[in-house]
Amino acid sequence: MHETPSDGLITTKEELEHHLSLTEEELAFDYHTTQVLPLRIPSNFLDLIDTNNPQDPIRRQVVPTSAELFSHPQEDLDPLAEVSHSVTQRLIHRYQSRVAFLTTDICPIHCRHCFRRRFTGTFQGPATDEQIEEASAYVAEHPEVKEILFTGGDVLTLSDARLKQMIAAFRSKRKDLVIRLCTRMPASYPMRITKALITMLGEFSTAPFYLMTQFNHPRELTEQAIKAVSLFVNAGIPAMNQTVLLKGVNDSVDVLETLCNQLVFNRIKPYYLFQGDLVSGTSHFRVPLQTGLALEQELRRRLSGLAMPLYAIDLPEGGGKVPLNQGYLTEQSGCGVWTFRTVEGELRSYPDPEV
Ligand code: SF4
């Protein structure tokens with residue numbers, strides 16, 4: 494049974510050099526620092542890299558560069574103020590109807606753009622029994638919480654037995670609690686997703702699960718990744734994808750169009766396209782907002798409503814998510830007539846009903 498990729502896991506510069514000829518910027522990363530997310534690439538993901546292209550979009554997501562060692566003055570390790578919104582050691586309550594539970598800090602892969610690098614890969618390990626008990630007791634006392642995000646780290650690095658125990662702790666107190674499994678495992682290590690896992694989830698059918706994936710580039714949608722997601726969807730667990738808009742990875746309308754269409758074709762709803770957060774050491778990944786808005790506008794013209802993700806920004810200092818678009822409502826006249834711009838740039842009027 495594969496739970497985490499212990500074989501073929503690349504964690505040192507020397508191992509990486511066996512596979513790739515490193516660029517100057519990649520060599521200049523401090524591979525021994527404990528201040529920055531350590532190197533961690535499963536070999537199956539490494540195999541997706543085009544070794545002849547130093548700017549390969551898969552490579553950019555996992556091979557660190559010296560750019561990560563510098564932080565912009567406005568960047569922060571916790572730009573979404575998760576620490577100040579934590580109500581127990583591992584539970585974040587930022588929005589009224591949902592909470593995020595940090596199930597573990599462990600991931601099979603370390604994405605260089607990770608927004609939770611204050612926690613990911615910090616060797617804290619899976620949530621303890623006490624932390625689970627404390628968080629589930631909080632949720633039991635807060636009926637306004639309708640959904641919980643099992644996040645981290647990557648929740649699917651937990652063994653089936655540990656995950657079962659965690660789900661049981663929450664669902665025994667709140668049978669109606671919707672659980673979102675937030676995981677990059679289908680992209681990073683799809684072998685982890687087994688029939689046994691899906692069967693175990695099926696034992697908790699009093700409320701739905703949702704699978705929240707992160708595919709950032711069409712090449713991540715491998716045959717194995719698609720099969721892994723299918724196991725969930727075939728079992729009645731809907732799949733939703735959150736893409737991070739990343740410079741040099743997917744800041745191209747053609748790449749995003751292909752990604753979104755392939756996601757829909759494989760029964761994964763493109764849910765969010767996230768503007769990069771102001772996380773320390775990630776400025777080289779951020780796309781200017783004006784570029785992001787132009788991409789959103791062109792995607793809206795090309796994609797169906799089903800294939801169109803919501804472009805959104807998580808505002809600094811815990812301001813929460815807000816949608817981003819150019820704005821299609823241009824004016825409201827005094828006589829109750831609204832003027833809109835179409836996606837092709839033409840104007841149309843819409844009168845309010847007379848009251
Ligand atoms: S899988 Fe998610 S939590 Fe883990 S490093 Fe990547 S973005 Fe961060």
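Basically the working numbering = 1-based index in the sequence shown + 493. In this text, a Cβ means the ideal position worked out from N, Cα and C, and glycines have one as well.
Neighbourhood of residue i by C-beta, 6 Å cutoff - its chain only, sequence neighbours within 5 removed
i    : result
P679 : T706, A718, A721 and V722
L570 : R611 and S773
R760 : V726
Y804 : L766, E789 and L817
I542 : D549, I551 and R552
L704 : L674, F725, I730 and A732
Residue i vs residue j beta-carbon contact at 8 Å
i    : j    : result
V632 : K666 : yes
L642 : R591 : yes
P601 : T527 : no
A628 : T581 : yes
D807 : L573 : yes
G798 : R587 : no
Q554 : V742 : yes
Rounded separation between residue i and residue j - CA only
i    : j    : result
L690 : P535 : 21 Å
L752 : G827 : 43 Å
R793 : G838 : 12 Å
I730 : S698 : 11 Å
I625 : L674 : 16 Å
W831 : Q819 : 16 Å
A521 : S559 : 5 Å
D744 : E518 : 21 Å
Q735 : E575 : 19 Å
L530 : T516 : 19 Å
Segment limits, beta strand (DSSP E) that includes residue i
i    : result
V830 : V830 to R834
K762 : I761 to F767
K814 : G813 to P816
R591 : R591 to T597
Contact set for residue i: own chain, Cβ-Cβ below 7 Å, skip 5 residues either direction
i    : result
H495 : Unreliable positioning characterises H495 in this predicted model, as indicated by a pLDDT of 48, which lies under 50. The coordinate reading is nonetheless provided below. M684 and R685.
Residue interval of the alpha helix (DSSP H) (run including residue i)
i    : result
L670 : First-last for L670: undefined, no H or E at that position.
F758 : V746 to F758
Q530 : As written in the sequence, residue 530 is Leu, which differs from the Gln given in the question. That residue, L530, is in no alpha helix (DSSP H); it is neither H nor E in DSSP.
E538 : According to the sequence as given, residue 538 is Phe; it is not Glu. Start and end: S536 to L539.
Residue i, buried or exposed, once every other Cβ within 10 Å from all chains shown has been counted against 16
i    : result
G695 : exposed
R533 : buried
P844 : exposed
V780 : buried
E561 : buried
Y821 : exposed
A787 : exposed
P619 : buried
H511 : exposed
8 Å CB neighbourhood of residue i in its chain, flanking five on each side removed
i    : result
K668 : T699 and A700
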